[in-house]
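Reviewing the structure listed below.
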Amino acid sequence: MANVQQFALLQRVLHWFMALCILTMFFVGVGMVSSVTPRYLGLVEFHKSLGILLLILVAIRLAARWRYGAPALPATLPEPLKLAAVSSHYLLYGLMIVLPLLGWAMLSAGPYPVVVFGSLRLPPILPQSEFLHTVLWDAHHYLAFAFFALVLAHLAAALMHALIRRDGVFEAMAPYPTREGN
Amino acid sequence: MNPLQGQSGRGALGYFALIAVVVAIGAGAFIYTAGWVSPERLTPEKLVASLAPPGGPALGRRRNHVKGVCFTGVFEANGAGMPLSTAPMFVRGQYPVVGRFNVATADPNAPDGTVPVRGMGLQITAPGEEVWRSAMITAPFFPVATPQAFYELQLASHSKAPDAMKTFAAAHPEFAAFGAWATSAPQTGSFAEDRFNSLNSFVFTHGTGQRSVVRWSLVPTATPVPVPPDDLAKRAPDFLEQEIAQRVQGGPLRWTMVVTVAAPGDPTADPSKAWPQDRRSVDVGTLVVQQVQPDRDGPCRDINFDPTVLPAGVTTSDDPFPAARSSAYRVSFDRRTAEEKSWPRTAPEAK
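The listed protein sequences correspond, in order, to chains A and B. Start counting the first sequence at 1; every next residue gets the next number (my numbering). Start counting the second sequence at 183; every next residue gets the next number (my numbering).
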């Protein structure tokens, strides 16, 4: 496999750990809001805590991206796919940043106390407002579904690179080191 | 094969199929988790919808306990709660309070005198933004033992089938006691004379390992004066709101907060069962209601009295209701705040 360059180890660790967390968020989120069982409270607290953790992780990840950059896409990749790859990554980063902030802001506008990791009380980031609560609730809700759809598309694209195109794009973010990688 | 050119032909087709299967499994698991293919699951949406009166819910307003009036005041802690819980509002002192007296109906046109149950939403705030919310009712015990039974009660009471309630009562023997209470217990003519009970149990914690399962009540200092149901039914449709607004003009109204501690073996998970009378109870402070404001423009309008919003030192117990209430109240809150236009403030600048 020639010319395979990998993302830095920190970037790959962050990618796979965050992928696991983000998938967990989707399932916990959509499961908790359909539940009235005693599990509900624990799921909500877990969802809030994991959301804040992801907000911290995405900040580290952006810094790592700025520091280490990213391997170039293969020259063999057709222009439309290149465009799809670049734009979908902007969207993924945008949603990773925005969704936890929307959740935090929505609760602030409720106003609900925002308590994470058992007893850490976060300050409200917006004043109480029915209007803002509604707008933020809608945004959090619909963008989460869009995010899940995008993650599925991302997964499909990754598998396409790994199994069909075999162009080193998957290996760049692979959870294992490649021979030529660093 | 040159890996840069990748798979082609039949091999690629098989991989495309594999990718489609992986994506479909992901989407399917998500849909299953969301409950979209589980019509038997009791969701908060179903619970909230079951409360609606025949003409549909009152848009922009609470989906239950829709009639009410806001109040503000203070909670005066006497310090006696401190050995039970580290809740900061148990430290001797005064803490601001926002609350809401209400009538337990989902129909905004139901006359006050025809509704047997009344309620109080209460929010106590301590320094450091520690918040304690609760929603209590005048019934001494809850009509049913589980959230599922509560849902079935709503379905039965809205059902047109002639024997729906009879069938329900037969399946839920605990309901008989509530029926007896609702039809025979003396009613007062004022929120100020009513006792409000948490019914659900919660856990008070203090330091390491000290844990008490408790329920609490707000017991009026005013002497309850029983009013015959026929007299109540003849009063103005909103007499409770009018009476309390007028009464508070004469001076603050008071309730003693009484915490009752369960003994081992008490039914902590079942709010339809009262605990024995001789359980230890502690007077932890006094609720002082100083002002009353209309629901529509008052400071309680935007508060979701979610009983799981608790300070440090208080947590939920094995009682399944607070979680179900939290989930359902959230849906009610999300709906009504999105419907603000249907019930606008009369004074736009009011908060």
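Beta carbons are placed, not taken as given, at the ideal position from N, Cα and C, and that holds for glycine. Computed from a predicted structure; not experimentally measured.
Checklist line | Neighbour list for P78 (chain A) in chain B, Cβ cutoff strictly below 8 Å | finding: Within chain B, no residue comes near P78 (chain A); the closest Cβ sits about 12 Å away, beyond 8 Å.
Next item on the list: Determine the extent of the alpha helix (DSSP H) in which D413 (chain B) is found, giving its start and end residues.
Entry: 411 to 416
Next item on the list: With a 10 Å radius around its C-beta and 16 neighbouring C-beta atoms as the bar for buried, classify T390 (chain B) as buried or exposed.
Entry: exposed
Notebook entry, point to check: Between the Cα of L400 (chain B) and the Cα atoms of B:R377, B:Q369, B:S383, which residue gives the shortest distance?
Noted result: B:R377
Note to self: Between the alpha carbons of R527 (chain B) and R243 (chain B), how many angstroms are there, rounded?
What the structure shows: 12 Å
Margin query: For E311 (chain B), tell me which candidate among A:Q128, A:H133, A:R121, A:F131 has the shortest Cα-Cα distance.
Written below: A:R121
Next item on the list: Give the residues of chain A in contact with R223 (chain B), contact being defined as C-beta atoms less than 7 Å apart.
Entry: S34
Check: Comparing the C-beta of V115 (chain A) with each C-beta of chain B, is any distance below 7 Å?
Finding: no
Next item on the list: Could you check what DSSP says for C252 (chain B) in three-state terms: helix, strand or coil?
Entry: strand
Notebook entry, point to check: For a contact meaning CB atoms closer than 7 Å, what does E334 (chain B) contact in chain A?
Noted result: Within chain A, no residue comes near E334 (chain B); the closest Cβ sits about 13 Å away, beyond 7 Å.
Item checked: Same chain only: Cβ atoms within 8 Å of R193 (chain A), ignoring 5 sequence neighbours per side -> Nothing about residue 193 (chain A) can be reported from this structure: the residues present for chain A run from 1 to 182 only.
Check: With 7 Å set as the bound, which would you pick, yes or no: does the beta-carbon of P329 (chain B) sit closer than that to a beta-carbon of chain A?
Finding: yes
Notebook entry, point to check: Are the CB atoms of T307 (chain B) and P270 (chain B) nearer to each other than 7 Å?
Noted result: no
Notebook entry, point to check: Nearest to K249 (chain B) by alpha carbon, out of B:V256, B:A292, B:F198, B:G275?
Noted result: B:A292
Item checked: Beta carbon of T438 (chain B) nearer than 7 Å to that of R461 (chain B) -> no
Next item on the list: Would you kindly report the start and end of the unbroken alpha helix (DSSP H) that includes W398 (chain B)?
Entry: Premise fails: W398 (chain B) lies in the beta strand (DSSP E), 392 to 402, not in any alpha helix (DSSP H).
Notebook entry, point to check: From T76 (chain A) to T215 (chain B), what does the alpha carbon distance come to, in whole angstroms?
Noted result: 40 Å
Next item on the list: Assuming F360 (chain B) and A321 (chain B) form a contact by the criterion Cβ under 8 Å, report the distance between their Cβ atoms to the nearest whole angstrom.
Entry: 7 Å
Next item on the list: Measure the C-alpha to C-alpha separation of G193 (chain B) and L155 (chain A) and round it to an integer number of angstroms.
Entry: 19 Å
Item checked: Limits of the alpha helix (DSSP H) - the one that W363 (chain B) falls within -> 357 to 366
Check: Under a three-way DSSP split, which group does M347 (chain B) fall into?
Finding: helix
Notebook entry, point to check: Considering only the beta carbon of each residue, do L50 (chain A) and M32 (chain A) sit closer than 7 Å?
Noted result: no
Notebook entry, point to check: Would a check of beta-carbon distances place L229 (chain B) closer than 7 Å to chain A?
Noted result: yes
Notebook entry, point to check: Which of helix, strand or coil does DSSP assign to L469 (chain B)?
Noted result: strand
Notebook entry, point to check: Since M160 (chain A) meets chain B, which of its residues come closer than 7 Å, beta carbon to beta carbon?
Noted result: I201
Notebook entry, point to check: Can you list, in chain order, the residues of the segment 136 to 167 of chain A whose Cβ is nearer than 7 Å to any Cβ on chain B?
Noted result: W137, F148, L152, L155, A156, L159, M160, L163, I164, R165, R166, D167
Notebook entry, point to check: Since W16 (chain A) is in the alpha helix (DSSP H), which residue starts that stretch and which ends it?
Noted result: 9 to 32
Note to self: Can you tell me which residues form a DSSP beta bridge with M271 (chain B)?
What the structure shows: The partner list for M271 (chain B) (beta bridge, DSSP) is empty, contrary to what the question assumes.
Notebook entry, point to check: For V204 (chain B), does the three-state DSSP call read helix, strand or coil?
Noted result: helix
Check: Among A:S35, A:A70, A:R39, A:F170, which one has its Cα closest to the Cα of L159 (chain A)?
Finding: A:F170
Notebook entry, point to check: Near E425 (chain B), which residues of its chain fall below 6 Å by C-beta distance, leaving aside the five closest residues on each side in sequence?
Noted result: S372
Checklist line | CA-to-CA distance, P344 (chain B) to F487 (chain B), given in whole angstroms | finding: 35 Å
Notebook entry, point to check: Do the segment 42 to 59 of chain A and the segment 128 to 141 of chain A meet, that is, are 3 or more Cβ pairs less than 8 Å apart?
Noted result: no
Item checked: Cut-off 6 Å between Cβ atoms - residues of its own chain near V491 (chain B), not counting five sequence neighbours on either side -> V313, R315
Checklist line | Selected residue, minimal CA-CA separation from T405 (chain B), among B:V396, B:E375, B:Q392, B:F323 | finding: B:E375
Checklist line | For A286 (chain B) and G301 (chain B), believed in contact at Cβ under 8 Å, the rounded distance | finding: 6 Å
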